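All the letters of the sequence shown, read from the start, carry residue numbers 135 to 335 under the working numbering.
Glycine residues also receive a C-beta, built at the ideal position from the N, C-alpha and C atoms.
Note that the coordinates shown come from a computational prediction; the quantities given were computed from them, not determined experimentally.
See below for the structure under consideration.
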Amino acid sequence: MDFSVTDLSKERRHGIMRCEGWSDDCPVSLDILKEVNVLHKDFSGATKQGSVIVLNEIADATLKIFKRLFEIEFPISKAIPIDYYNGSDVDSMNDNNSSGFNCRKIMDKDKWSSHSYGTAIDINPTQNPYVLIDHKKAEALIYPKKGTMFLNRGLHEKGMVEPIVEIFSQYGFTEWGGNWIDRLDYHHFQISWEEIEKMSL
Ligand SMILES: [Zn+2]
135 MDFSVTDLSK
145 ERRHGIMRCE
155 GWSDDCPVSL
165 DILKEVNVLH
175 KDFSGATKQG
185 SVIVLNEIAD
195 ATLKIFKRLF
205 EIEFPISKAI
215 PIDYYNGSDV
225 DSMNDNNSSG
235 FNCRKIMDKD
245 KWSSHSYGTA
255 IDINPTQNPY
265 VLIDHKKAEA
275 LIYPKKGTMF
285 LNRGLHEKGM
295 VEPIVEIFSQ
305 YGFTEWGGNW
315 IDRLDYHHFQ
325 ISWEEIEKMS
335 L
């Protein structure tokens, strides 16, 4: 399959519709999503086939990003669409999986995540964890737990995303969760909400 953009297969559509977050209220139709098939290096340097599901309007840009990541041999643990995890973001993060579309609400909020629009991509959650501040308990929740050892962003370990923030930005993913203030989502790249609102969804 190499690098290509394809429509969602029947099996994929059925898989997505069985996911825990899927409902008739999901903000985009499966008809306007594409599966971007990519090659990537894993942490052992082996070449792997993976895929990422995104909105059709940004499928080509996504393909170009993953071609660049492959060229520079940026390691990605795995890239498996979220229906493999029954839509569980926590399970996907625990498996250090990189993924795009997932119809779900933002953790601890009643608002659709940009993943629900197919306009966000997460890369290597272990090396790039999600840090959610629980103000009531005055503690930080780290997802996945294994990511705790990568909270020091000065480590420059393999698979940490800082060297590729610019590549994502060049192709329209101008928002990086590592720059957020209320929560730090180091593995998260997305199209800005301003751009999403301009799209014909
Ligand atoms: Zn994300």
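- Membership of residue 301 in any beta strand (DSSP E) is not indicated; the residue belongs instead to the alpha helix (DSSP H) covering 299-304.
- Spanning the alpha carbons of residue 267 and residue 278 requires a straight line of approximately 14 Å.
- In the three-state reduction of the DSSP assignment, residue 267 falls in the strand class, which pools E and B.
- In this structure, DSSP gives residue 309 an extended state, which the three-state scheme calls strand.
- Around the beta carbon of residue 224, fewer than 16 other beta carbons sit within 10 angstroms, so the residue counts as exposed.
- Using a Cβ distance threshold of 8 Å, residue 139 and residue 193 count as a contacting pair.
- Considering only 273, 211 and 237, the residue with the shortest C-alpha distance to residue 248 is 237.
- For residue 254, the Cβ falls inside the 7 Å cut-off from some heavy atom of ligand 1.
- In the structure shown, residue 168 adopts extended strand secondary structure according to DSSP, grouped into three states.
- Closer than 7 Å to some heavy atom of ligand 1: that describes the Cβ of residue 319.
- About 18 Å separates the Cβ atoms of residue 162 and residue 185, ruling out a contact at the 8 Å cut-off.
- About 7 Å separates the CB atoms of residue 255 and residue 307; that is less than 8 Å, so the two are in contact.
- Assigned with DSSP and collapsed to three states, residue 162 falls in coil, not helix or strand.
- Closest in alpha carbon position to residue 153, among 145, 331, 220 and 269, is 220.
- Between residue 325 and residue 253, the gap from beta carbon to beta carbon is short of 8 Å.
- Under the 10 Å beta carbon count, residue 148 is surrounded by fewer than 16 other beta carbons and is classified as exposed.
- Within the DSSP secondary-structure output, residue 184 pairs in a beta bridge with 172.
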